[in-house]
Structures are given as C-alpha cells and as structure tokens.
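Top line first, the protein sequences correspond to chains F, Z and U.
Numbered according to this note's numbering, the first sequence spans residues 1 to 248.
Numbered according to this note's numbering, the second sequence spans residues 249 to 436.
Numbered according to this note's numbering, the third sequence spans residues 437 to 624.
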Amino acid sequence: MDDFEPVPDHSTLTLTLDGWEGPLDLLLTLARAQKVDLAQISILALTDQYIAYIDNASSLKLEVAADYLVMAAWLAYLKSCLLLPKDPTIDPSPEELVLRLQLRLQRLDAMREAGARLLGRDRIGRDVFARGSPEGLALVRNVQWKAAAFDLYAAYGRVRARTQPAMHVVAHRSVMTLEHAIARVSALLGAAIDWTTLESFLPATIDPAYRKSALASSFVATLELARQGRLEIEQDKAFDELYVRRVA
Amino acid sequence: MTELERAIEATLFASAEPMTAEEIGVQVGADDVEAVLAGLAERYAGHGVELVTRGGRWHFQTAPDLAHLLRRTRDEPRRLSRAATECLAIIAYHEPTSRGEIEAIRGVQISKGTLDVLMEAGWVRTAGRREGPGRPLLYATTPDFLTHFGLGSRKDLPGIDDLKAAGLLDPLEEAIFELQLESDDEEG
Amino acid sequence: MTELERAIEATLFASAEPMTAEEIGVQVGADDVEAVLAGLAERYAGHGVELVTRGGRWHFQTAPDLAHLLRRTRDEPRRLSRAATECLAIIAYHEPTSRGEIEAIRGVQISKGTLDVLMEAGWVRTAGRREGPGRPLLYATTPDFLTHFGLGSRKDLPGIDDLKAAGLLDPLEEAIFELQLESDDEEG
C-alpha cells in the first residue's frame, strides 16, 4: 500500500484487486495510461479497458469485487447511453455523467499529486532540523502559600480536640488523699483507746466539700486499718454513727 | 543588534516549540515584536540557520539546502501509507472536511487507523461537527502540520490556487456521490 | 557567509551534543575547521545566542545575561492545606518538635510533602536533632512565620483562654493546655 504506482498483476486478480484502493483508483490508473489530460480522457476507451480488466479476472473475491462490479455495470450503462442515439429525456445526460466522472478522476488525481508534493517538501526532521538541544523556556511557578492566623489557631484547637481523650479533672477542690487519711487516723487512734466516732477524727474545716472528702477518705482508711488488724469498727445500724477503737 | 533582537533571538533558540509573536512578546516583555522578528529573519537569510514563520509561529531551523549534510545520521521520519498521505492532502486542501467527503474523493472507505495515524503524528485534529444531517465530525490540519511541511500558511499548499481555479476543491456536489450508485448509498 | 560557515552553523545548531572540531570536520567534510569556528563565534558575539567552546567541544548557547528572560516566574497564591496548617500549628506550639511527635499529636501520619511545603513557605526550619533514640530531626518556626502571622514572638500565640473564648477548644480540657503552656515556658 506504500507504493504509489501499484503494478497490476493480471494472473491473480484477487490479489490485484487487493492492491487497488477501490474502483476509482483502478480507473484513474487506467486513465493515466491514456497519457492525455484527464479532462480530455476518452471515457469510451476507459470503459472498455476497465471492463476488460474485470472480465479477465479468473477468480473474484466477492466482497472485494462488489464495488468493482458495480462500477463496471455503471460504466457499461454509461457506454450504452453514449453510443445510443440521444434521448433528451435522460437526466442527467450522458455527457453530464462523463463530465462528472472526469472531474472525479481529476480530483482524486489532484489530491494524490498534492500528497506526493507535500511529502516531498522540506520536512522537519528529514530535510531541515530544529535546534538539537533547546534549553527550553522554563516557567517557574512561585507558589505563595497563604494561611491566616485564625486558620492556624483553629487548626490547633481542632487537633487537640480530635486527639486528646476526654479527661475529667476536678479542679479547685481540696481533697484528703487516702494516704493522708490513713496517716491521720493511725495517729489519732493512739489517743483514742475507747470507742470513738469516726467524725471526731475529721479535721476542723468550714469547707463542706473538704469535709466530705475527709469523711470518705477517713472511712476508707479505717477499713484499711481494720483489714490490717489495727482497729475495730462498730455500727449499730445502717447510716448510724461509726465507732472505731484501737485494737489493744 | 538591539537588546530586543537579542532577547527574541535567545528566546526562539531556547524554545523547544515554535512560538507565536504574541507568546514571544510575553516572554521578552515587549509589544509589537512582529517587525523585529521580520528584521531578525532577514538578518539570518543566507545563513545555515534560518528564522521562519509557519502558521503564525516562529522557529529557527537549518537551511533546506544543507539537508544532505545533516540527514545522514538521522532516521527518516515516519513513512506514511498511500491512504494516509491522500487523506492528509484531502484534509489540508479541503479543511474542515468530514470522513464522508474524504471517502467520496478517494472512492473508497477509510480503513481504521488511517486518521489515527495522522492525529497521532499531530498533523490532523478534529474540528467540531458540521451542522446538518448526521452532524459529521470534521477534520482539519494543525499548526504542527504547517511547521513540519514548511508551510507559511495553508495558502502555501502546493498548487492550491490552481486547484481552486480549476474548481477541483469545490464542495462536492451530491450528484457526484451518486456515481457509485448503490454502493455509496449503503455506506451513507 | 561562506558555504563552510553555513554548513558548520547548521551542524552545530542541529546537533544534540556539543561537538569537537574534528567531529564537525567529519560532518561537513572539511579539514581545519578551527579557524572557521573561531570566525563564526566572532560573528555571533553580542548576539542573543553565542557559539562557545567548552573542553574542546563547540555548541550554541543563549547568552548568559539573558537567562532571566528564559525563566519566567509566575506568582501563584495557594492556600495551605488543612494538614499543613495543623502541622504548622503543632510545630508553633510545641517547637522544637520531631515528626514523630507531630504525628502523635495529630493522631494522623504526615506525608513527606507536608513538611516540605511548610519549609518552602519559609515558615518552618529544621532545628537540629534531639539527643536520644533515633536522634530525630527537629522542626521549629522561623522569624518569617512570626511576621506572616503577625506575632511579635511565640509568646503571643493565643493561650487557652483566647482559644476557648473563640470557641476553638470546645471539647478540650484545660489541664492539657496547662501542660502545653508549661512546656512552652520551659523552652522560652
């Protein structure tokens, strides 16, 4: 298909037809063989050549040949119109059809020639060359990062809020720790040989919250000391006063 | 040589692609570089390297008459099939044109891949659709086509004026399509 | 311009590599091209393009004083991503701090590009390594950071009360913040 002038091979028409780019291509090649201006081409002679070529086909691959046979039929029709006495009722007239066929052949021929002339021009990379190693024009993107102070602080708040486990710390509240209560109760027990209320061990304070904490811690402290066998606990009934006494 | 000439010369030497006068102006920070470009092209006339304009884009290239010196070490550019060459010519001389029109001129269907090859080469692009029956896709050539084939513009297509004068580039009349009668109708 | 000059000019222009005088001679089919090369270089002196020799090899290059024209810069304002903003905030409040610590505080890994962006923006710098296992690289903010965010010093970073008042800390406990402020004090 790369060859611009395929050579017809009459012995194997199937292959030969494959070599043509359609019936028009075949017609054009035959027309050019007449070596006259395509506008002056003898359509009668061309028709005879074309039909003879097709008739010489010993075997036809039908799907390839269909277009060629249609063209042959059309040319045979055109030839008969040209040879028969003029019938003015036929429109378009045979002369008009001849003109159109000539124009078509000229158009294809012109484009074929134009293609060849294009390919023959001074082409870049074949005949003329661009610079071998252009430095290139660099477009340096100077990114200017933007962020507002608020974005920064909001981001920090977001991070902390997202990642820290909720941790609840009781703030501004004095408490008596268990260790402190154990130490206090142990010390006070030395003075209290008899049954004494737990409340009497509590420190004097006006802070009710601290008093509550001291009571709770001291109670746990007495339980711990009782477990250690250092004191005894007594209570008459639920929610009644708690009495403690040192173990002698 | 003026500073502007120097700047334009350097810009076009450095650019990996042909540039329009407008792009060059932006690059060198000047308006109206056309006249300077023309002057620069004149200055290079007769050199081994020339400044040329193709489809409104400027680039430096080696002088065509030195091809024999430079060709030996290089590969031939892609060889186009006959079908692709004819397609390219038909598109260039008729653009924008449809696949149907290309097939009508060649009298044969375009096999798959033919237009692809031309588009891959960067010479042909799609150019919208024609309003009308079937809204066929249209094809046209690219600036790279002009650059590659050394054409200042489509006016420089070989023989285009003569072909036009002879009516060979006129829009195809429907009647001509009927030449092949049934076979074309089937495809249409 | 002589034919030999033209041939050499075109050869060097089209060559992808600098060429020795000998290679050029082979290409253009001439002996003793040195003198011609020198003449050609002189012809180009003062142009936007120069013919130079480096280590015995000749090539064309754009004039060094025009480099700024060939490298156009364009300012592109771009908003800092959410990840980068968080990262920057953590560094600001905890500096100097390591990548590992930032990730621990964010609870999300940071991509390599994030710290790069902050350093490119000029707001974060590396600040040595922490003695200890792995000797992690430390990051801190720069004076530009303070300037950009309108801070006189890092002590001007809003503390807990400010953030809380702004509603930025809703699910956050004060104690955590006190902890953080202590660590700030240590560094201050």
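For each residue, glycine too, the CB sits at the ideal point set by N, CA and C.
Of all Cβ atoms in chain F, is any one closer than 8 Å to the Cβ of Z:Y387?
No, Z:Y387 does not count as interfacial toward chain F.
Against chain Z, with Cβ distances strictly below 8 Å, would U:E512 count as a contact?
No, U:E512 does not count as interfacial toward chain Z.
For my contact list, Z:L363 and Z:Y341 are in at a C-beta cut-off of 8 Å; report their separation, rounded to the angstrom.
Z:L363 to Z:Y341, Cβ: 16 Å. No contact.
Rounded to the nearest angstrom, what separates F:L105 and Z:L416 at their Cα positions?
F:L105 and Z:L416: Cα-Cα distance of roughly 10 Å.
Please check if any C-beta of chain F sits within less than 8 Å of the C-beta of Z:A278.
No, because no Cβ of chain F sits closer than 8 Å to the Cβ of Z:A278.
Does F:S200 pass the burial test, meaning 16 or more other C-beta atoms within 10 Å, or should it be called exposed?
Exposed is the call here.
Can you find a CB in chain Z that lies within less than 8 Å of the CB of U:A446?
Yes, U:A446 lies at the interface with chain Z (some Cβ there is under 8 Å from its Cβ).
Does Z:A275 come out as helix, strand or coil in the three-state DSSP assignment?
The sequence shown places Gln at residue 275 of chain Z, rather than the Ala named in the question. Z:Q275: helix per DSSP, three-state reduction.
With a threshold of 8 Å between beta-carbons, can F:T133 be considered close to chain U, or not?
Note that residue 133 of chain F corresponds to Ser in the displayed sequence, not to Thr. So yes, F:S133 belongs to the interface.
Give me the DSSP bridge partner(s) of Z:L267.
According to the sequence provided, residue 267 of chain Z is Met. The question's Leu does not apply to it. Paired residues: Z:W306.
Can you pull the chain F neighbours of U:R493, defined as C-beta to C-beta under 7 Å?
Chain F residues near U:R493: none, gap ~12 Å exceeds 7 Å.
Measure the alpha-carbon distance for F:A147 versus Z:E271 and round it to whole angstroms.
Straight-line Cα distance between these residues: approximately 33 Å.
For Z:A332, which residues of its own chain have a beta-carbon under 7 Å away from its beta-carbon, when the five flanking residues on both sides are left out?
Excluding residues within five positions, the ones whose Cβ falls inside 7 Å are T362, V365 and L366.
Start and end of the alpha helix (DSSP H) containing F:I233?
Here F:I233 belongs to no alpha helix (DSSP H); instead the beta strand (DSSP E) covers L231 to Q235.
Would you say Z:E290 lies against chain U (beta-carbon separation less than 8 Å)?
By this cut-off, Z:E290 is not an interface position.
Using a Cβ cut-off of 8 Å (strictly closer), state whether Z:V356 contacts chain U.
By this cut-off, Z:V356 is not an interface position.
Over the uninterrupted beta strand (DSSP E) stretch that includes U:E512, give me the two end residues.
Looking at the DSSP string, the run of the beta strand (DSSP E) that includes U:E512 is R507 to R515.
Could you check what DSSP says for F:S218 in three-state terms: helix, strand or coil?
In the structure shown, F:S218 sits in a helix (DSSP, three-state: H, G or I).
Given this structure, state the Cα-to-Cα distance separating Z:E349 from Z:V300, to the nearest angstrom.
Cα-Cα distance, rounded: 33 Å.
Expressed to the nearest angstrom, what Euclidean distance is found between the alpha-carbon atoms of Z:L252 and U:P572?
Their backbone Cα atoms lie some 53 Å apart in a straight line.
Z:G376 lies in the beta strand (DSSP E); which residues open and close that run?
Taken as a continuous stretch (DSSP letters only), the beta strand (DSSP E) holding Z:G376 covers V372 to R377.
How would you label F:V131, buried or exposed, when you count the other beta carbons within 10 angstroms and need 16 or more for buried?
For clarity, residue 131 of chain F is Arg in the given sequence; the question names Val instead. F:R131 is buried by the Cβ-count criterion.
Going by DSSP, what residue range makes up the beta strand (DSSP E) through U:A528?
Not the beta strand (DSSP E): U:A528 falls in the alpha helix (DSSP H), residues R518 to H530.
Give me the residue from F:A214, F:W74 and F:V140 with the minimum Cα distance to U:D511.
Per the Cα distances, F:V140.
In chain U, which residues lie less than 9 Å from Z:H295 when you measure between Cβ atoms?
Neighbours of Z:H295 on chain U, chain order: M437, E441, R442, E445 and A446.
Contact defined as beta carbons within less than 8 Å: I believe U:R508 pairs with Z:Q275. What is the distance between those atoms, to the nearest angstrom?
U:R508 to Z:Q275, Cβ: 7 Å. Contact.
Counting contacts by CB-CB distance shorter than 8 Å, is F:L105 in contact with chain U?
Not an interface residue.
F:K106 lies in the beta strand (DSSP E); which residues open and close that run?
Note that residue 106 of chain F is Gln in the sequence shown here, rather than Lys. Taken as a continuous stretch (DSSP letters only), F:Q106 belongs to no beta strand (DSSP E), being part of the alpha helix (DSSP H) at P94 to L119.
For a contact defined as C-beta to C-beta under 9 Å, what are the partners of Z:G287 on chain F?
Under the 9 Å cutoff, chain F gives no residues; its nearest Cβ is about 20 Å from Z:G287.
Is the CB of U:S451 under 8 Å away from at least one CB in chain F?
Chain F, which has a Cβ nearer than 8 Å to the Cβ of U:S451, makes this yes.
Name the chain Z residues whose beta carbon is nearer than 7 Å to that of U:R490?
The contacting residues do not exist; U:R490 stays about 17 Å from chain Z at best.
In whole angstroms, what is the alpha-carbon distance linking Z:R377 and Z:T390?
Their Cα atoms are separated by approximately 17 Å.
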